[in-house]
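For the sequence shown, my numbering begins at 457 and goes up steadily by one. All C-beta atoms, glycine included, are put in the ideal place defined by N, C-alpha and C. Here the structure is a predicted model, which is why all the values come from computation and not from measurement.
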Amino acid sequence: MALTEQLSTVTKKVNTEKRESSMPNDFLVATFSDAETLMRAVQAVRAEGFRIYDTYAPYPIHEMDRAMDIRRSRLPWVTLLAGILGLTFAIGFQFYAAVLDWPLNVGGKPDNSTLAFIPISFEIPVLLGGLTTVAALFFRTRLYPGKREHLMAERVTNDTFALALRRRDGFDMRRAREVLERAGADQLSLKVSEI
């Protein structure tokens, strides 16, 4: 009987976790009228120990990455690895085609002349690196055809700045509202979004 009860408890826990993971995300969204107020709000929210989901602005704010303590992207490493793979493939294929499979004596030059390999050895890594970078970017950001848009604030692409905090376990809504109001938020709203 005890084993059946344990199994029932585990099953309930797994089902609850599945339901919670499939539920939409709740966000507390604060809007601001200018970039300076948004920057002050980011610093105040971080000082209080809240984790910022994201900030939204009509134009790039270059100091925002440092203020939010965002790590550097690993996307350049993907580009570098794809470029090295492309260079290896280009040189290997040209060597195979020109030296091993179909050697031709062209003007008395050696079959493995590196000067003849330069154009393809440049173009293939650039092409493969670029395409792989775009594919990795779309994969990492979950941008795929048919994905529905979700705007955190209505005028965020026009003249409004926004800061979103994801509500998780232990999230103190009252304290978060106080911090954002003190930082100069124009409007606070609760947004439910399926990301």
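- For the 8 angstroms CB-CB criterion, residue 571 and residue 542 do not form a contact.
- Between residue 485 and residue 632, the gap from beta carbon to beta carbon reaches 8 angstroms or more.
- In the structure shown, residue 512 adopts extended strand secondary structure according to DSSP, grouped into three states.
- Residue 550 sits buried, since 16 or more C-beta atoms from the chains shown fall within 10 Å of its C-beta.
- Excluding five sequence positions before and after residue 593, the CB atoms of its chain that fall closer than 8 angstroms to its own CB belong to 531 and 599, given in chain order.
- In the three-state DSSP reduction, residue 588 falls in the helix class (H, G or I).
- Contact between the segment 631-645 and the segment 500-516 is present: three or more C-beta pairs spanning the two stretches fall below 8 angstroms.
- Taking C-beta separations shorter than 6 angstroms and ignoring five residues to either side along the sequence, the partners of residue 546 in its chain run 576, 577 and 580, following chain order.
- Look at the beta carbons and you see the segment 602-618 not touching the segment 553-561: under three pairs across the two are nearer than 8 angstroms.
- Partner residues in the beta bridge of residue 647, as assigned by DSSP, are 483.
- When the five nearest sequence neighbours on each side are left out, the beta carbons in the same chain lying within less than 6 angstroms of the beta carbon of residue 616 are those of 487 and 609, in order along the chain.
- Looking from the CA of residue 574, the closest CA among 548, 508 and 481 belongs to 548.
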